[in-house]
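If you want our numbering, it's the position in the sequence shown, counting the first as 1, plus 248.
We put the CB at the ideal spot given by N, CA and C, even for glycine.
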Amino acid sequence: MICLANLVKTPDELLLIMKAEAMGDMCFEHMLDFIKPGMTEIEVADEIERVLYSLGGEGLAFPTIVVSGVNSNQPHGVPSDKKIQEGDFLTMDFGAVYKGYCADMTRTVAIGYATDEMKKVYDIVLKSQLAGLDAVKAGVKCFDVDKVCRDIITEAGYGEYYIHGTGHGVSTEVHEPPTLNSRSDEILQENQAVTVEPGIYLPDKFGVRIEDLAIVTSFGIINCTR
Numbered sequence: 249m250i251c252l253a254n255l256v257k258t259p260d261e262l263l264l265i266m267k268a269e270a271m272g273d274m275c276f277e278h279m280l281d282f283i284k285p286g287m288t289e290i291e292v293a294d295e296i297e298r299v300l301y302s303l304g305g306e307g308l309a310f311p312t313i314v315v316s317g318v319n320s321n322q323p324h325g326v327p328s329d330k331k332i333q334e335g336d337f338l339t340m341d342f343g344a345v346y347k348g349y350c351a352d353m354t355r356t357v358a359i360g361y362a363t364d365e366m367k368k369v370y371d372i373v374l375k376s377q378l379a380g381l382d383a384v385k386a387g388v389k390c391f392d393v394d395k396v397c398r399d400i401i402t403e404a405g406y407g408e409y410y411i412h413g414t415g416h417g418v419s420t421e422v423h424e425p426p427t428l429n430s431r432s433d434e435i436l437q438e439n440q441a442v443t444v445e446p447g448i449y450l451p452d453k454f455g456v457r458i459e460d461l462a463i464v465t466s467f468g469i470i471n472c473t474r
């Protein structure tokens, strides 16, 4: 069993993580009005980064991911010159650094309209993500949180398309223990900050990922992401 006591955050550290994540919330709100069909993925990524810095971010927690249409089936895709079109899913994964502490959030939005298949897959991922957030609590095994998310997606018939773990710790590094996946024997501790981010990625079609950053408590979570 891995001891995670040294990964528990102080109240001051948690506040810095929450402030960094709040910048992401404000940035996402701005992006909903900013994004228009015909913009490239790179243009959208550049605007995200500009806004994060304008809100007081000291840096980026990781290279910003903006992928649209068929590119959204790449969990770690790199923004390209592809133009965003109506009927695309657009996935944005980003985070600021504030006083040395990282944020991390992912949102998938439909541009203009969504097909019935897109709505179905999105709703499955959202159901999985909300159930995963509900499962997070001090004393719970990381494996079990992953299983809650994975079982919902598998039972819906998309298990083979959930191709990564459910989450990870966040602090001065954007990826640190604990790791919420199907192999983890770690146990969540109070005052850790972790992500919950299930996804479905359909080859040659599209992908959906939804990610919140949450603080682990004895009663559940404090969600840092609106």
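Item	Value
When 267, 408, 376 and 410 are compared against residue 352, the one with the closest alpha-carbon	267
Coarse secondary structure for residue 287, derived from DSSP in three states	coil
Residue 334 to residue 467 span [Cα, whole Å]	42 Å
Residue 447, DSSP secondary structure in three states	strand
Other residues of its chain near residue 465: CB distance less than 8 Å, five sequence neighbours each side excluded	385, 386, 438 and 439
Cut-off 8 Å between Cβ atoms - residues of its own chain near residue 290, not counting five sequence neighbours on either side	314, 327, 328 and 329
Inter-stretch contact (C-beta, 8 Å, three-pair minimum) for the segment 339–346 and the segment 254–274	yes
Beta-bridge partners of residue 360, as assigned by DSSP	According to DSSP, which records beta bridges pairwise, residue 360 is partnered with nothing at all.
Straight-line Cα distance separating residue 376 from residue 406	12 Å
Helix, strand or coil at residue 392 according to DSSP, with G and I counted as helix	helix
Endpoints, beta strand (DSSP E) assigned at residue 436	Where residue 436 is concerned, there is no enclosing beta strand (DSSP E), given that its DSSP letter is neither H nor E.
Start-to-end residues for the beta strand (DSSP E) that takes in residue 425	424–428
Nearest-angstrom Cα separation, counted from residue 361 out to residue 462	30 Å
Residue 201, enclosing alpha helix (DSSP H) - first and last residue	The shown model of the chain, from 249 to 474, leaves out residue 201, and the question about it has no answer.
Contact between the segment 424–434 and the segment 295–313 (3+ Cβ pairs under 8 Å)	no
Inter-residue spacing [alpha-carbon to alpha-carbon] between residue 296 and residue 256	30 Å
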